[in-house]
Amino acid sequence: MIFRILFFIFVYLPFMIVAIPVQIVWSRLGLPGWHIIPKLFHRLGAAFIGLKVRVLGEPVQNRPVLILSNHISWTDIIAIGSVADVTFVAKHEVSRWFFVGFMASLQRTLYVDRTRRSDARRTTREMGQRMAAGGAVLLFAEGQSDVGTHVLPFRSALVGAAQHAMLEAGAKEVLIQPLTIAYTRLQGLPVSRNDRSLIAWIKSKSVSQNIREILTGGVKEVTVAFGTPKPLVEGANRKAVTKQAEDEVRRMLVSLNRGTTLPGLAGP
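Just so we're aligned, residue 5 is where the sequence shown starts under the working numbering, counting upward by one.
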């Protein structure tokens, strides 16, 4: 814990003091390379909270892609953001969280209020525009976080954004890429079921309690596994496409939790 305090005071905090104003200007001017500072922020964040990230497979780059991922903890964002240039889709409440909402907005996070159908349509249009410009949009497709032992059913509503990108925003081809995140070891030992409750953000915990457990816990090893991207063709059944991605994420999660090899995936 002492190391983390010193790291925050002498490394992380000075970086934010310098980087945040630069990122504000960079984003408002719409300059290319806006993702550089957020990626550095997440990499330092991973070191601060004791997160060792292993990557399997490769994220699609410079092409319209919608990434569908499972969700376990708020630390998923740090792990993924440290290795891939993506735009996250978050629930609307996040935009109002102290500091977190501000930092998320600097990373061009898209917010959606799932209780309002009109807002979901707006988010869909924005997702399509980002993808049509050659960017990657990441959607935690379960709609909520889970403990990391299994995958909840993926929601297909926002997958229609990829079709919007192809049909209306000008993208010639859109890819769907499954992504699995799995916390496999804690302090060098395999993660037990009890350990998962200290990592995952579950409904019975407050935000402050979960943050405290992460910051005072040991070093966590997390694997970010990018699956095989598949083209989304015009007229494709979005529910079938979503279910296919869900099945692949589930298969990868089971293999990673068991410590078995994932065929066809290797670290870069």
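The beta carbon of each residue, even a glycine, is placed where N, CA and C say it ideally should be.
Closest by C-alpha distance to Asp150, out of Thr184, Arg125 and Lys247, is Thr184.
Nearest neighbour of Pro25 by Cα position, chosen from Leu193, Met107, His154 and Arg134, turns out to be Met107. Taking 8 Å as the cut-off, the beta carbon of Val59 is found no closer than this to the beta carbon of Val163.
A Cβ-Cβ distance of about 19 Å is found for the pair Ala88 and Ala136, leaving them out of contact under the 8 Å criterion. Taken through DSSP and simplified to helix, strand or coil, Val22 comes out as helix.
Assigned with DSSP and collapsed to three states, Thr227 falls in strand. Closest in C-alpha terms to Met5, from the list Ala204, Ala173, Ile218 and Ile21, comes Ile218. Counting along the chain, no beta strand (DSSP E) covers Ile203; the unbroken alpha helix (DSSP H) around it starts and ends at Arg197 to Ile203. Nearest to Gly132 by alpha-carbon distance, out of Ala165, Trp101, Gln148 and Asp123, is Ala165. The stretch 86–102 makes contact with the stretch 112–122; the number of CB pairs closer than 8 Å reaches 3 or more.
DSSP places Val59 in the strand class (E or B) of the three-state scheme. Beta bridge pairing from DSSP links Gln181 with Ile71. Rounded to whole angstroms, Val258 and Leu33 show a C-alpha spacing of 44 Å. Proximity of the stretch 182–197 to the stretch 241–256 meets the contact definition, three or more beta-carbon pairs being nearer than 8 Å. The residue among Ile71, Pro42, Ile203 and Leu17 with its C-alpha nearest the C-alpha of Pro235 is Ile71. For Glu238, the closest of Lys224, His168, Val211 and Gln248 by C-alpha to C-alpha distance is His168.
Looking only at Val155, Val211 and Asn241, the smallest Cα-Cα distance to Leu260 is reached by Val155.
For the pair Lys224 and Ile81, the Cα-to-Cα distance works out to about 14 Å. Taking C-beta atoms under 8 Å as the contact rule, Val90 and Leu142 qualify, at a distance of about 4 Å.
In this model, Gly222 and Phe12 are separated by some 16 Å (Cα to Cα).
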